[in-house]
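Chemist: In the numbering used here, the protein residues as written are 856 to 1242. Every residue gets a Cβ at the ideal spot worked out from N, C-alpha and C, and that includes glycine.
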Amino acid sequence: MRTQVGIIGSGPSGLLLARLLHLKGIDTVIFERKDRDYVEARIRAGVLENGTVEMLRAVGADARMNELGIPHDGFALAFDGRMERIDMAKYAGTGVMIWGQTQVTRDLIRLNLADGIDIKFDCPATAIEDVDGSPVVVYHEDGVEKRCTCDFVMGCDGYHGVSRATVPNNILKTYEKIYPFGWLGILSDVPPVDHELIYANHERGFALCSMRSNTRSRYYVQCDKDDHVDNWTDDMFWDELRRRLPAHVAEAMVTGPRLEMSIAPLRSFVAEPMRHGNLFLAGDAAHIVPPTGAKGLNLAASDIHYLSNALIGYYVDKRTDLLDSYSEVALRRVWKAIRFSWWFTSMMHRFDDDPISHRLQVAELDYLTSSEAGKTVIAENYIGLPL
Ligand code: RFL
Ligand code: PHB
856 MRTQVGIIGS GPSGLLLARL LHLKGIDTVI FERKDRDYVE ARIRAGVLEN
906 GTVEMLRAVG ADARMNELGI PHDGFALAFD GRMERIDMAK YAGTGVMIWG
956 QTQVTRDLIR LNLADGIDIK FDCPATAIED VDGSPVVVYH EDGVEKRCTC
1006 DFVMGCDGYH GVSRATVPNN ILKTYEKIYP FGWLGILSDV PPVDHELIYA
1056 NHERGFALCS MRSNTRSRYY VQCDKDDHVD NWTDDMFWDE LRRRLPAHVA
1106 EAMVTGPRLE MSIAPLRSFV AEPMRHGNLF LAGDAAHIVP PTGAKGLNLA
1156 ASDIHYLSNA LIGYYVDKRT DLLDSYSEVA LRRVWKAIRF SWWFTSMMHR
1206 FDDDPISHRL QVAELDYLTS SEAGKTVIAE NYIGLPL
């Protein structure tokens, strides 16, 4: 088998890249190790930056988002019993869109398949050979090993994929910080407690009130990194969440049974460079952020913005400079998002038992939310730095 661009992974980065290339007549095959139902059911991000929204519009994956997505112009920071609103529209000129990654993935899969893009579900890639020449994706289909020769291979296969592992250790430099806590999340068909998101700093730990729609809420509480969902009943979750929120928010909370409950570990991770020969890395395959800044999916989309331009430049205009600069250009934006997510995480979570840590966080939140400059810093990072 042969294709122009082999894409490993049908998460948002792989699906979006395939779609952008297809619209320019460039041939792709996507290799995905899980089945379609699994990929479409995975519950993850919920906040889209404007740049991500615009990319979905550009590829025609916006019909349901326009109807059902919820534009947000602000969010709240809760601390010390108070709640302060960050007016994103006022301080950064735009807001964000609440539209679940689950929905983004579903729309992109449906559109891609309808256009005849070959998505090979249940086909794990096991190796990438000849990355310096015409790279070959080695994959398994129905238990049989098969091979696909490509001009380029795109590693869009997430943190645990095969692509990054293909780059030799003496070439790849990695940076990693593992946080000593995770996020316990619940999804429930109850109306959101507020019309905007609430990020809460509390002595007992961080909490986040988010949503998927006007009838479906997504809430998180900071938990121990070794904790397990089996340790949590629904009631325990709701009690802990309410304890960490200002009284008037806790009182307004509507609770209900879980549709899903899971724990996400928190880490900051960057692998560079994001290119090795004709293998390119994008999205979670190259970098991970803690979810506090809502940047993971959006960073995947901005990588794809640069990468699709570079590949279109190659196939349509016969230029290679954009492929050559991809890693450097993408990493500049990646590092700024890594920094913001680390900083926001550091300010909002409980790290140790020393009471001064919490007082310092409250002082920083108090300062930032009473300063026009402070609110601007938070808002312009949250809505997404320019491409
Ligand atoms: P993905 O989504 O992990 O997709 C990778 C795909 O590759 C497949 N794969 C393979 N396929 C073939 N062969 C192999 N050997 C393979 N190995 C892996 C996998 O099955 C999968 O389908 O990576 P991608 O496309 O780069 O997208 C990244 C985003 O999914 C991720 O950054 C976000 O979900 C992070 N994230 C958030 N990002 C935001 O922008 N805003 C948010 O509000 C937000 N909230 C979150 C999040 C992530 C979370 N978790 C669980 C990690 C909240 C949570 C709780
Ligand atoms: C979510 O709705 O899942 C969500 C929202 C904001 C974040 C992280 C996750 O910062």
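Measure from the alpha carbon of T907 to the alpha carbon of each residue in L871, M1091, V894, then state which is nearest.
Modeler: Residue 907 sits at position 52 when you count from the first residue of the sequence shown. Closest option to T907, Cα to Cα, is L871.
Chemist: Let me know the secondary structure DSSP gives Y1244 once reduced to three states.
Modeler: The chain is shown only over 856 to 1242; residue 1244 falls outside these bounds and no answer can be derived.
Chemist: Please determine whether the Cβ atom of L1063 lies at a distance below 7 Å from any heavy atom of the ligand RFL.
Modeler: To locate residue 1063, count along the sequence shown from 1; it is residue 208. For the ligand RFL, not one heavy atom lies less than 7 Å from the Cβ of L1063.
Chemist: Are the CB atoms of R1099 and H1057 nearer to each other than 8 Å?
Modeler: Position 244 of the sequence shown, counted from the start, is the residue given in the question as residue 1099. Position 202 of the sequence shown, counted from the start, is the residue given in the question as residue 1057. Going by C-beta atoms, R1099 is nearer than 8 Å to H1057.
Chemist: Taking 6 Å as the limit between beta carbons, can you name the residues of its chain near V1017, skipping five residues before and five after?
Modeler: As a position in the sequence shown, residue 1017 is number 162, starting the count at 1. Once the five neighbours on either side are set aside, the close Cβ partners of V1017 are A980.
Chemist: If the criterion is Cβ atoms closer than 8 Å, does the pair F1124 and Q1077 meet it?
Modeler: Walking along the sequence shown from the start, residue 1124 turns up at place 269. Walking along the sequence shown from the start, residue 1077 turns up at place 222. Not a contact, by the Cβ cut-off of 8 Å.
Chemist: Would you list, in sequence order, the uninterrupted alpha helix (DSSP H) runs of no fewer than 4 residues that lie entirely inside the region 1112-1198?
Modeler: You should have 1151-1172.
Chemist: Spell out whether any CB of chain B is found under 8 Å from the CB atom of K1028.
Modeler: This model lacks chain B altogether, as it is built from one protein chain only.
Chemist: Under the rule that 16 or more other beta-carbon atoms within 10 Å means buried, what is L1136, buried or exposed?
Modeler: Counting from one through the sequence shown, the residue named residue 1136 turns up at place 281. The residue in question, L1136, is buried, as its Cβ has 16 or more Cβ neighbours within 10 Å.
Chemist: Relative to the C-alpha of D1172, which residue among A1020, K879, G948 is closest?
Modeler: Taking the first residue of the sequence shown as position 1, residue 1172 is located at position 317. Nearest of A1020, K879, G948 to D1172, Cα basis: K879.
Chemist: Under a three-way DSSP split, which group does R1002 fall into?
Modeler: To locate residue 1002, count along the sequence shown from 1; it is residue 147. If DSSP states are grouped into helix, strand and coil, R1002 belongs with the strands.
Chemist: Is R899 near the ligand RFL, going by C-beta to nearest heavy atom under 7 Å?
Modeler: Against the sequence shown, residue 899 aligns to sequence position 44. Because some heavy atom of the ligand RFL lies under 7 Å away, the Cβ of R899 counts as near it: yes.
Chemist: Quick one: measure Cβ to Cβ for P1112 and S1043, integer angstroms, because I've assumed they're closer than 8 Å.
Modeler: Here residue 1112 refers to the residue found at position 257 when the sequence shown is read from its first residue. Here residue 1043 refers to the residue found at position 188 when the sequence shown is read from its first residue. The Cβ separation is near 7 Å, so the contact holds.
Chemist: Of the residues K889, Y1170, L903, which one's Cα is nearest the Cα of R897?
Modeler: Along the sequence shown, read from residue 1 onward, the residue named residue 897 stands at position 42. With distances taken between Cα atoms, R897 lies closest to K889.
Chemist: Assuming V1189 and L1152 form a contact by the criterion Cβ under 8 Å, report the distance between their Cβ atoms to the nearest whole angstrom.
Modeler: Residue mapping note: residue 1189 aligns to position 334 of the sequence shown, counting from 1. Residue mapping note: residue 1152 aligns to position 297 of the sequence shown, counting from 1. Contact flag wrong, Cβ pair sits at about 13 Å.
Chemist: Please report the distance separating the alpha-carbon of M1129 from that of K975.
Modeler: Residue 1129 sits at position 274 when you count from the first residue of the sequence shown. Residue 975 sits at position 120 when you count from the first residue of the sequence shown. Cα to Cα, the separation comes out at about 24 Å.
Chemist: Since C1005 and Q859 are thought to touch, with beta carbons under 8 Å apart, how far apart are those beta carbons, to the nearest angstrom?
Modeler: Counted from its first residue, the sequence shown places residue 1005 at position 150. Counted from its first residue, the sequence shown places residue 859 at position 4. Sure, about 7 Å apart at Cβ, within 8 Å.
Chemist: On the three-pair Cβ rule with 8 Å, is the region 998-1015 touching the region 863-877?
Modeler: At 8 Å Cβ cutoff, the stretches touch.
Chemist: Roughly how far, in whole angstroms, is the beta-carbon of E1227 from the beta-carbon of M1202, given that I think they are within contact range, below 8 Å?
Modeler: In the sequence shown, residue 1227 corresponds to position 372, counting from 1. In the sequence shown, residue 1202 corresponds to position 347, counting from 1. Between M1202 and E1227 the Cβ distance is about 18 Å, and since that is not below 8 Å, they are no contact.
Chemist: Can H1015 be considered in contact with the ligand RFL, in the sense that its beta carbon sits closer than 7 Å to one or more heavy atoms?
Modeler: Here residue 1015 is taken as the residue at index 160 of the sequence shown, counted from 1. Result yes, Cβ under 7 Å from the ligand RFL.
Chemist: Quick check: is any heavy atom of the ligand PHB less than 7 Å from the C-beta of T1110?
Modeler: Locating residue 1110 in the sequence shown gives position 255, where the first residue counts as 1. No, since every heavy atom of the ligand PHB falls outside the 7 Å radius drawn around the Cβ of T1110.
Chemist: Measuring alpha carbon to alpha carbon, tell me which of D942, E1095, L1052 ends up nearest R1059.
Modeler: Position 204 of the sequence shown, counting from 1, holds the residue named residue 1059. The shortest Cα separation from R1059 among D942, E1095, L1052 belongs to E1095.
Chemist: Counting C-beta neighbours from all protein chains within 10 Å, is the total for Y1222 16 or more, i.e. buried, or is it exposed?
Modeler: The count along the sequence shown starts at 1 and reaches residue 1222 at position 367. Exposed, because fewer than 16 other Cβ atoms sit within 10 Å of the Cβ of Y1222.
Chemist: Need the endpoints of the alpha helix (DSSP H) that R874 sits in, please.
Modeler: On the sequence shown, position 19 is the one that residue 874 refers to. Taken as a continuous stretch (DSSP letters only), the alpha helix (DSSP H) holding R874 covers 867-877.
Chemist: Specify the secondary structure class of T957 as computed by DSSP and reduced to three states.
Modeler: Residue 957 sits at position 102 when you count from the first residue of the sequence shown. Correct three-state label for T957: helix.
Chemist: From L1177 to G1132, what distance separates their C-alpha atoms?
Modeler: Taking the sequence shown and counting its residues from 1, the one referred to as residue 1177 is at position 322. Taking the sequence shown and counting its residues from 1, the one referred to as residue 1132 is at position 277. Distance between the alpha carbons of L1177 and G1132: 14 Å.
Chemist: Run the proximity test for K1191: is its beta-carbon closer than 7 Å to any non-hydrogen atom belonging to the ligand RFL?
Modeler: For the purposes of this step, residue 1191 is taken as the residue at position 336 of the sequence shown. The answer is no for K1191.
Chemist: Could you give the first and the last residue of the continuous beta strand (DSSP E) run that contains I1053?
Modeler: Locating residue 1053 in the sequence shown gives position 198, where the first residue counts as 1. Note, I1053: beta strand (DSSP E), 1053-1055.
Chemist: Alpha carbon to alpha carbon, how far is F1195 from W1087? Give it in angstroms, no decimals.
Modeler: One-based indexing of the sequence shown puts residue 1087 at position 232. One-based indexing of the sequence shown puts residue 1195 at position 340. One C-alpha to the other measures close to 31 Å.
Chemist: So the beta strand (DSSP E) I1211 belongs to, where does it begin and stop?
Modeler: Position 356 of the sequence shown, counted from the first residue, corresponds to residue 1211. Unbroken run through I1211 is the alpha helix (DSSP H), 1210-1224; no beta strand (DSSP E).
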